[in-house]
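Chains as they are written, first to last, in this note's numbering: chain A, 1 to 164; chain B, 1001 to 1164; chain C, 2001 to 2164.
First comes the structure, then the notes that go with it.
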Amino acid sequence: MSVAFAPSNAAALRSALDELYANYIGCLDEERFEEWPEFFTDPCLYKIIPRINVERGLPLATWLCESRGYLHDRVVAIRKTSVYGPRYIRRFVSAIRVLRASESEIEVRANYAAYETLPDELTRVFSVGQYRDRVVSVDGQMKFAEKICIFDSELVPNSLIYPL
Amino acid sequence: MSVAFAPSNAAALRSALDELYANYIGCLDEERFEEWPEFFTDPCLYKIIPRINVERGLPLATWLCESRGYLHDRVVAIRKTSVYGPRYIRRFVSAIRVLRASESEIEVRANYAAYETLPDELTRVFSVGQYRDRVVSVDGQMKFAEKICIFDSELVPNSLIYPL
Amino acid sequence: MSVAFAPSNAAALRSALDELYANYIGCLDEERFEEWPEFFTDPCLYKIIPRINVERGLPLATWLCESRGYLHDRVVAIRKTSVYGPRYIRRFVSAIRVLRASESEIEVRANYAAYETLPDELTRVFSVGQYRDRVVSVDGQMKFAEKICIFDSELVPNSLIYPL
């Protein structure tokens, strides 16, 4: 794993992160799920977990994937094994923050919002929360070594079918 | 039409696009509609269309304007001929992506969200969707040669009075 | 108060503003309220006011703080004196625009959205509106000399406990 971060140039780093998150969201919103695991290292940590559990130190996560293979399983579930009605999810990211940038990795936090639209229904807020990510550089490309999606609503969304 | 894009400098291009979309949204949110056509080339293509139509290859659009004159007609409708109750619309853009940047134009996708506030009511989600835009440089200024607003909700919003 | 803006470099300025707003939102969303007054100069102007009042020239504001001391009082109210149920607020910022950048200050407008999540409830839109800010440089750090939060809903939110 080579290293290509230039923390000395804050504007360039921020721009590269903006691009990473825009590409990530574009991939999911356009339902190109097969490309989704490529945003991660292998192994990796992808977790969706309620905020209350994080605050209370409870480990129980709604989703937990520890390799690209796990992520791929999720995609297979979406495409083949899950039974669910059609829906559109649209994601937004804001307030991307670099907590720490070393030569080998960046620790990032950002807010996400996801909206759900069911057929013949109005769009509604589906989930808002925080990304807590570790980004590393693999062959010059930014990848998520860790992506923790912490959602605010204590209710586990009843239809968490697509990734966040 | 001169050309002023520097695709080699991704950070500068991203920053210029951020500025373009912020100015566009600022113009609409502050209801400076008379300035809105100036964001476009002439001729241009401005379209608001449901996602289901795009996915099924159906051409029917909710709005279709093919020149600044058409856009101006919309403004006249807003100011003079349309009958509608007062409301505020507030727009958000996220995940701006450059799909392709040549010397003469940029293809951009981004997510938008629009919120509506009626008098004595709480703010609600009005529409979320995707912009699919072609941006060109005219006399050193970025303009939309094409702006397609694809909204997720299959319901045609019953009060699409202001542009997206 | 020293001055460190480089309006000639639009991309660097935009990046620094992105960082400022991301840090501001991160501070509030993570409920590190004690750090919140540090984002402001002293004296300062922090105001939360309905849009209708701004448009009608009415001065009445929902919140008005004119120094770090006032801001600190708000924090004390949140931590000690206010009585309210637990809730999460999550904020988003979009369309950050530089209206004017002189050597001594920047005038900025941006859109904000805030979502509220109560225990055992789904997330809902809490407030959307516009920031109208004056940013100055103090010892090389950007600070808010003025931050006006103009919210769209004519209804005063019934639970404006945390800052926007």
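Glycine included, every Cβ here is placed at the ideal spot set by N, Cα and C.
Original post:
Identify the residues that DSSP records as bridge partners of residue 1115 (chain B): which are they?
Top reply: B:1090 and B:1125
Original post:
Taking just the CA atoms, how far does residue 1077 (chain B) sit from residue 98 (chain A)?
Top reply: 46 Å
Original post:
Can you tell me whether DSSP reads residue 1135 (chain B) as helix, strand or coil?
Top reply: strand
Original post:
When Cβ atoms are compared, which residues of the stretch 138-153 of chain A fall closer than 8 Å to chain C?
Top reply: 152 and 153
**OP:** Could you pull the start and end residues of the alpha helix (DSSP H) that residue 1018 (chain B) belongs to?
**Re:** 1010-1029
**OP:** Take the Cβ of residue 116 (chain A) as the centre, count every other Cβ of all protein chains shown within 10 Å, and call the residue buried at 16 or more, exposed below.
**Re:** buried
**OP:** Measure from the alpha carbon of residue 1155 (chain B) to the alpha carbon of each residue in A:120, A:147 and A:141, then state which is nearest.
**Re:** Among A:120, A:147 and A:141, the Cα nearest to that of residue 1155 (chain B) belongs to A:120.
Subject >> C-alpha distance - residue 2066 (chain C) paired with residue 1035 (chain B), whole-angstrom precision >> reply: Their Cα atoms are separated by approximately 35 Å.
Original post:
So is residue 2054 (chain C) in contact with chain B if we call contact Cβ pairs under 9 Å?
Top reply: So, not an interface residue.
**OP:** Please determine, among C:2152, C:2068, C:2020 and C:2081, the residue with the shortest C-alpha to C-alpha distance to residue 94 (chain A).
**Re:** C:2020
**OP:** With a 10 Å radius around its C-beta and 16 neighbouring C-beta atoms as the bar for buried, classify residue 2081 (chain C) as buried or exposed.
**Re:** exposed
Subject >> Cα-Cα separation, residue 2133 (chain C) to residue 2144 (chain C) >> reply: 7 Å
Subject >> Residues bridged to residue 59 (chain A) (per DSSP) >> reply: Per DSSP, none; premise fails for residue 59 (chain A).
Subject >> Any chain D beta carbon closer than 9 Å to residue 2090 (chain C) >> reply: The chain labelled as chain D is not found among the protein chains of the depicted structure, namely A, B and C.
Original post:
When the cut-off is 9 Å and only beta carbons count, does residue 2016 (chain C) lie next to chain B?
Top reply: no
**OP:** Rounded to whole angstroms, what's the CA-CA distance from residue 72 (chain A) to residue 37 (chain A)? Just pull it up for me.
**Re:** 6 Å
Original post:
For residue 2089 (chain C), which of A:118, A:25, A:162 and A:152 has the nearest alpha-carbon?
Top reply: Nearest option by C-alpha distance: A:152.
**OP:** Output the boundary residues of the beta strand (DSSP E) element that contains residue 46 (chain A).
**Re:** Where residue 46 (chain A) is concerned, the enclosing beta strand (DSSP E) stretches over 40-50.
**OP:** Could you tell me whether the Cβ of residue 1057 (chain B) comes closer than 9 Å to any Cβ of chain A?
**Re:** no
**OP:** Output, in chain order, the set of chain C residues within a Cβ distance shorter than 8 Å of residue 1025 (chain B).
**Re:** 2094, 2095 and 2111
Subject >> residue 2107 (chain C) - partner residues in DSSP beta bridges >> reply: C:2100 and C:2134
Subject >> Cα-Cα separation between residue 2069 (chain C) and residue 2046 (chain C), rounded to whole angstroms >> reply: 12 Å
Original post:
In angstroms, rounded to a whole number, what distance separates the CA positions of residue 199 (chain A) and residue 2058 (chain C)?
Top reply: There is simply no residue 199 (chain A) to check, as chain A begins at 1 and stops at 164 in what is shown.
Original post:
Is residue 2146 (chain C) helix, strand or coil by DSSP?
Top reply: strand
Subject >> Straight-line Cα distance separating residue 2027 (chain C) from residue 2085 (chain C) >> reply: 20 Å
Original post:
What residues in the stretch 2063-2077 of chain C have a beta carbon less than 8 Å from any beta carbon of chain A?
Top reply: none
Original post:
What are the start and end residues of the alpha helix (DSSP H) that includes residue 1083 (chain B)?
Top reply: Segment: none, residue 1083 (chain B) is in no alpha helix (DSSP H) and carries neither H nor E.
Original post:
What are the start and end residues of the alpha helix (DSSP H) that includes residue 2068 (chain C)?
Top reply: 2068-2076
Subject >> chain A contact residues for residue 2124 (chain C), given Cβ-Cβ distances below 7 Å >> reply: 125
Subject >> Proximity to residue 1039 (chain B) [Cα-Cα], best of B:1149, B:1142 and B:1014 >> reply: Comparing Cα-Cα distances from residue 1039 (chain B) to each of B:1149, B:1142 and B:1014, the minimum goes to B:1142.
Original post:
residue 91 (chain A) and residue 29 (chain A) look like a contact to me (Cβ under 8 Å); what is the Cβ gap, rounded to whole Å?
Top reply: 6 Å
Original post:
When we look at the beta-carbon of residue 102 (chain A) and count the other beta-carbons within 10 Å, is it buried (16 or more) or exposed?
Top reply: Of the residues assessed, residue 102 (chain A) falls on the exposed side of the cut-off, its CB having fewer than 16 other CB atoms within 10 angstroms.
Original post:
Is residue 1084 (chain B) close to chain C, meaning its C-beta is less than 9 Å from at least one C-beta of that chain?
Top reply: Output row for residue 1084 (chain B): interface = no.
Subject >> Straight-line gap, residue 1149 (chain B) to residue 1128 (chain B) (C-alpha atoms, nearest Å) >> reply: 9 Å
**OP:** Find the nearest neighbour of residue 2107 (chain C) within the set C:2114, C:2087, C:2131 and C:2050, judged by alpha-carbon distance.
**Re:** C:2131
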